[in-house]
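> Below you will find the structure I want to go over with you.
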Amino acid sequence: MKTRILIFALMLTCYCSFAQQDSQYTQYMYNTINVNPAYAGSRGVMSIFGLHRTQWVGLDGAPTTNAFSINTPINESNIGLGISFVNDKIGPTNNNTITADVSYSIQTSETYKLSFGIKAAGNIFNLDTNKLNPQDANDPNLQNFSSEFSPNFGAGVYLHSDKLYFGVSVPNFLQDTKYNDNSVTVFKERMTFYTIGGYVFDLTPDLKFKPAFLTKVVTGAPLQVDVSGNFLLFDKFMLGAAYRWDSAISAMAGFQITDGLYIGYGYDRETTNLKNYNSGSHEIFLRFELFNRVSKIVTPRFF
């Protein structure tokens, strides 16, 4: 009984923290458009990205995330466009977000571009009270829950070259409380501030090393800091590790299957007491890019 109570308390704590923040990713350096609209079109080709994340495997009601995005530059202009869809499931909640991104890039030097982006989003949040197993099925606080829609918007700035990237963004300026007409607040979406960056070092002609970081600041939630280091061998094989401050350690691997197709995998292991009640988190993604004769990348970019 004590064990069940402890698991419930840990899950509730993590759930509340997660519900106030955007989706969590280990391989954030390959999925930047979900947090920064200025990334749209920055790779110079049409990029199609799909990701599945299963968090805290073995723990009932643990988060799962599915993400899909397409972004592309518009011909030879300075404009980039993107569209994204993210589905988050945590316990009895199901959260769907679709976003549209527009970016504009300025060539600041021979090697650097500075991009500005804006994001418009629509969110549909649903709470399935049948999964709550309430002791009192007639509790008025658990009645008349239906799907709720809320709009949002965001903006970001992204500086990048073939070697370096750095961005700041706020993907959700509007704060929103779901089911605030009930006496209990189920879900709060709060403004999130991101910084992200990385640099690629050429250690040898065949070996690259990229340290990277991401910070996430949410009002009322702990600061999240992710740091990582990835090695790329022969522009084909990637191996890396990451640390999420006071939360988890991660291992990553990737393979450039063809010029346009890349697959990546990440595994997280909690460093908190929650590690005793799950077997870790798994994340896998595919990225497919469409090249033409002008835009084809001879050496794949490492982010």
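By the count of our numbering, the sequence shown reaches residue 1171 at its end, each step adding exactly one.
Note that beta-carbon positions come from the ideal geometry of N, C-alpha and C, so glycine has one too.
1. Where does residue 1145 fall in DSSP's three states?
2. Buried or exposed: where does residue 1004 fall if 16 or more other Cβ atoms within 10 Å of its Cβ makes it buried?
3. Short of 6 angstroms in beta carbon distance, which residues of its chain neighbour residue 885, apart from the five on each side in sequence? Order them along the chain.
4. Restricting to Cα atoms, I'd like to know which of 916, 904 and 912 is closest to residue 1129.
5. Distance, Cα to Cα, residue 993 vs residue 931?
6. Taking residue 1098 as part of the beta strand (DSSP E), name the residues at either end of that continuous run.
7. Between which residues of its own chain and residue 875 is the CB-CB distance below 7 angstroms, once the five residues before and five after are set aside?
8. Can you tell me whether residue 1127 is buried or exposed? The criterion is at least 16 other CB atoms within 10 Å of its CB, across all chains shown.
9. Should residue 911 be labelled buried (16 or more other beta-carbon atoms within 10 Å of its own) or exposed?
10. Buried or exposed for residue 978, please, with buried defined as at least 16 other CB atoms from any protein chain shown within 10 angstroms of its CB.
11. Counting C-beta neighbours from all protein chains within 10 Å, is the total for residue 1020 16 or more, i.e. buried, or is it exposed?
12. What is the residue span of the beta strand (DSSP E) that residue 972 lies within?
13. Nearest CA to the CA of residue 1125: which residue from 1039, 1059, 903 and 1103?
14. DSSP three-state call for residue 1089: helix, strand or coil?
15. Using a 10 Å radius around the Cβ and a threshold of 16 neighbouring Cβ atoms, would you call residue 1202 buried or exposed?
16. Might you give, ordered along the chain, the residues of its own chain that have their beta carbon closer than 6 angstroms to the beta carbon of residue 1133, omitting 5 neighbours on each side?
17. With residue 1115 and residue 1140 assumed to form a contact (beta carbons below 8 angstroms), what rounded beta-carbon distance in angstroms separates them?
18. Helix, strand or coil for residue 991, going by three-state DSSP, please let me know.
19. In the DSSP assignment, what are the bridge partners of residue 1151?
20. Look at the alpha carbon of residue 934 and the alpha carbon of residue 891, and state the distance between them as a whole number of angstroms.
21. Opposite residue 911 in the DSSP bridges: which residues?
22. State whether the stretch 1059–1071 contacts the stretch 1023–1043, with contact taken as three or more CB pairs (one from each stretch) at a distance under 8 angstroms.
23. Would the beta-carbon of residue 1044 fall within 9 angstroms of that of residue 991?
24. With residue 989 and residue 966 assumed to form a contact (beta carbons below 8 angstroms), what rounded beta-carbon distance in angstroms separates them?
25. Is the distance from the Cβ of residue 1039 to the Cβ of residue 939 below 9 angstroms?
26. Could you give the DSSP three-state label for residue 1157: helix, strand or coil?
27. In this structure, what does DSSP give as the bridge partners for residue 1106?
28. Mapping the DSSP letters down to three states, classify residue 906 as helix, strand or coil.
29. Inspect the beta-carbon positions of residue 1059 and residue 1083 and report whether they are closer than 9 angstroms.
30. Let's see if you can read the secondary structure: which residues bound the beta strand (DSSP E) around residue 926?
31. Flag residue 1125 as yes when its Cβ comes closer than 8 angstroms to any non-hydrogen atom of the ligand ADP, and as no otherwise.
On the basis of the data shown:
1. helix
2. In this prediction, residue 1004 scores a pLDDT of 49, lower than 50, which makes its location untrustworthy; the coordinate-derived value is nonetheless stated afterwards. Exposed, because fewer than 16 other Cβ atoms sit within 10 Å of the Cβ of residue 1004.
3. Its pLDDT being 41, under 50, residue 885 is placed unreliably by the model, and the measurement read from it follows with that caveat. If we look at residue 885 and ignore the five residues flanking it on each side, its Cβ neighbours are 1089.
4. 916
5. 15 angstroms
6. 1092–1101
7. Annotation note: pLDDT 44 at residue 875 (below 50); position unreliable, coordinate value reported separately. Here the set comprises 1145.
8. Under this definition residue 1127 is an exposed residue.
9. buried
10. Residue 978 comes out exposed.
11. Around the beta-carbon of residue 1020, 16 or more other beta-carbon atoms lie within 10 Å, marking it buried.
12. 961–975
13. Cα-wise, what sits closest to residue 1125 is 1103.
14. coil
15. Coverage of the chain is limited to positions 869 through 1171, which leaves residue 1202 absent and any answer about it impossible.
16. Once the five neighbours on either side are set aside, the close Cβ partners of residue 1133 are 1121 and 1152.
17. 7 angstroms
18. strand
19. Answer is 921 and 1134, bridged to residue 1151.
20. When rounded, the distance between both Cα atoms is 10 angstroms.
21. Under DSSP, residue 911 forms no beta bridge with any residue.
22. Verdict: yes, contact present.
23. yes
24. 7 angstroms
25. Contact flag unset, no.
26. strand
27. 1100 and 1122
28. helix
29. no
30. Counting along the chain, residue 926 falls outside any beta strand (DSSP E), and DSSP gives it neither H nor E.
31. Judged by which ligands are present, the structure shown has none, so any question about the ligand ADP falls away.
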